[in-house]
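Written out below as structure tokens is the structure these notes cover.
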Amino acid sequence: MNPRTIYIAYGSNCELETQILLSGDLGYIKAEEKLKKLQVDIGEVERILKALIKFLENKPLNPFYLYWEKTMHERMERILFTAETIQRRVQDIGKAISSDYQATGAAKDREGRPLIAVCILQGAVMFMADLMRAIEIPVEYDFMSISSYGNSTSPGAVRLLQDLSHPITGRDVLVVEDIIDTGFTANYIKRGLLARNPASFRICTLLDKPFRREEAIKMDYVGFFLEEDLFVVGYGMDYAGIYRNFPHIALLKPEYR
Ligand code: PRP
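Here the sequence shown stands for residues 2 to 258, numbered as in the working numbering.
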């Protein structure tokens with residue numbers, strides 16, 4: 002047998018053998034430390050590992066990683082928009098943006114500079130990356146980071162964490178957001194960027210929750226409207242900093258919220 006590192010799976014039910022065989026190449030963790038912490042019977046694990054090694058020797062899987070806990074998929078209650086649905090919508094928006102800016106002649110300003118897209122970190126990163134490639138006219142892009150710290154005494158308080166790298170005066174600006182909720186962040190961005198005298202200003206958001214709006218703001222491009230107050234993760238959106246890399250937009254199971 003070739004020497005190799007074996008990673009094993011475990012779950013709260015400890016249906017170890019079943020999970021090992023079912024979980025595939027979804028992720029990994031070194032088994033030893035985890036099992037020690039859990040005070041799992043190492044002898045039993047060894048027996049299972051031996052059976053597993055025997056099983057793996059006949060499989061064309063190298064390296065073979067197994068997942069130690071629930072995958073992101075298993076933590077989701079419901080997928081709202083699959084990666085495929087998102088991609089289709091992003092392509093449509095990209096086409097609409099391309100033809101709108103071409104039609105208004107704004108795809109290039111008087112000095113020959115193209116449209117500049119502004120990605121609002123961090124949630125919009127995935128959408129931005131796909132949208133940029135779905136736009137058929139030349140685009141420059143830049144990034145801004147905004148933090149909200151609102152509470153009951155100062156609702157909607159937001160501040161700038163990272164500004165654009167380049168001036169936007171006289172430029173056609175398209176802000177790219179992942180989600181618009183109360184509208185406070187988008188209005189803060191709009192006020193700040195309009196003060197720099199761009200040639201034009203538009204906002205594109207992947208998701209919009211219009212019924213949550215506390216400050217009105219006009220959206221120029223919207224991917225999907227959410228009519229229920231759902232806390233969504235995936236495709237850039239997070240819960241406590243994680244799940245941004247989940248490829249679909251989904252709802253977390255209550256036990257993971
Ligand atoms: C989200 C989203 C918007 C903002 C919208 O950012 O990206 O910027 O909330 O909410 P609002 O309409 O109520 O102002 P978040 O604060 O979650 O930061 P992130 O993008 O870094 O995850």
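Note that the Cβ used here is the ideal one computed from N, Cα and C, for glycine as well.
Asked	Found
Residues bridged to Tyr142 (per DSSP)	Ala118
Close-in-space but distant-in-sequence residues of the same chain around Val96 (CB under 8 angstroms, 5 per side omitted)	Reading off the sequence shown, one finds Lys at residue 96, where the question assumed Val. Answer for Lys96: Ala135 and Glu137, listed in chain order.
Per DSSP, cross-strand counterpart(s) of Asp173	Ser201
Ala187 (DSSP reduced to helix, strand or coil)	helix
Local conformation of Ser155 per DSSP, three classes	coil
Where the beta strand (DSSP E) through Leu81 begins and ends	Met77 to Phe82
Reduced DSSP secondary structure (H/G/I, E/B, other) of Asp182	coil
Phe232 classed as buried or exposed, judged by whether at least 16 other C-beta atoms fall within 10 angstroms	exposed
Ligand 1 heavy atom lying under 6 angstroms from the CB of Thr186	yes
Straight-line gap, Leu116 to Ala130 (C-alpha atoms, nearest Å)	16 angstroms
Residues that DSSP places opposite Asp93 in a beta bridge	In DSSP, Asp93 forms no bridge with anything.
Counterpart residues of Gly235 in DSSP-defined beta bridges	Met238
Assigned exposure category for Lys219 - 16 Cβ within 10 Å defines buried	exposed
Where Ile147 sits in the DSSP three-state scheme	strand
Nearest-angstrom beta carbon gap, Leu227 and Met77 [assumed within contact, 8 angstroms]	Actually they are not in contact, since the Cβ atoms of Met77 and Leu227 sit about 16 angstroms apart, beyond 8 angstroms.
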